[in-house]
Amino acid sequence: VGLTGFRAGLESGGARLAHVHALEGTGTLSSGMQAFRQIREAYPSADAVYFGSDVTAVGAIIAARDLGMDLPGEMAIAGYGDLDFAVHVRPALTTIEVSDYLTGKLAGRALRARLEGDGPVNPAIEVPMRLVVRDSTPAK
């Protein structure tokens with residue numbers, strides 16, 4: 003479902019997608035490095051990769067640099083979470099920012115409402131996100 007939504011969001015913005023492929027990982031630097039190598043082998047002409055966490059995205063940056071790649075010239079890399087180190091990696095990581103505090107606050111409100119009998123069984127909670135563009139993706 004997440005991958006389907008990701009694809010729909012990209013396509014609605016006019017992106018032309020040749021491949022959208024999901025790989026399982028452990029959320030570590032090593033899994034990001036391994037995933038990046040697998041992607042390069044399977045799709046050598048790929049020019050952008052998105053990772054579901056900033057940690058795995060940084061692993062991909064390490065692997066790309068080990069391969070001598072120009073980032074973002076040959077490959078754009080983005081992550082999710084806007085963790086504090088994302089700005090200090092070179093190139094600085096483009097990421098999706100989501101407030102853990104706000105997510106927790108909204109979840110707490112929904113739980114309290116449900117426990118008090120005022121809330122729906124499975125509420126849909128919208129959490130604002132923000133794209134933070136940095137040096138790991140081209141400026142356009």
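Count along the sequence shown from 1, add 2, and you get the number used in the working numbering.
Heads up, the beta-carbon is just placed ideally off N, CA and C, and yes, glycines get one too.
Since this is a predicted model, take the numbers as computed values, not measurements.
Rounded to the nearest angstrom, the gap between the Cα atoms of D120 and E128 is 18 Å. Per the coordinates, the alpha-carbon of A115 lies some 13 Å from the alpha-carbon of A126.
Looking at the backbone, the Cα of A66 and that of V123 are separated by about 45 Å. The straight-line gap separating the alpha-carbon atoms of L73 and R132 is approximately 22 Å. Between the region 4-16 and the region 26-33 there are fewer than three inter-stretch CB-CB distances shorter than 8 Å, so the stretches are not counted as touching. Take T58, set aside five residues on each side of it, and the residues of its chain with a beta-carbon closer than 8 Å to its own are G27, G29, T30, L31, S33, G34, A37, G81, in chain order. For the pair V134 and A88, the CB atoms are nearer than the 9 Å cut-off.
The beta carbon of D137 is closer than 6 Å to those of P93, A94 in its chain, skipping five residues each way along the sequence. Less than 9 Å separates the beta-carbon of D84 from that of T97. D49 is positioned such that its CB atom lies no closer than 9 Å to that of A24. Under DSSP, the beta-bridge partners assigned to G81 are T97.
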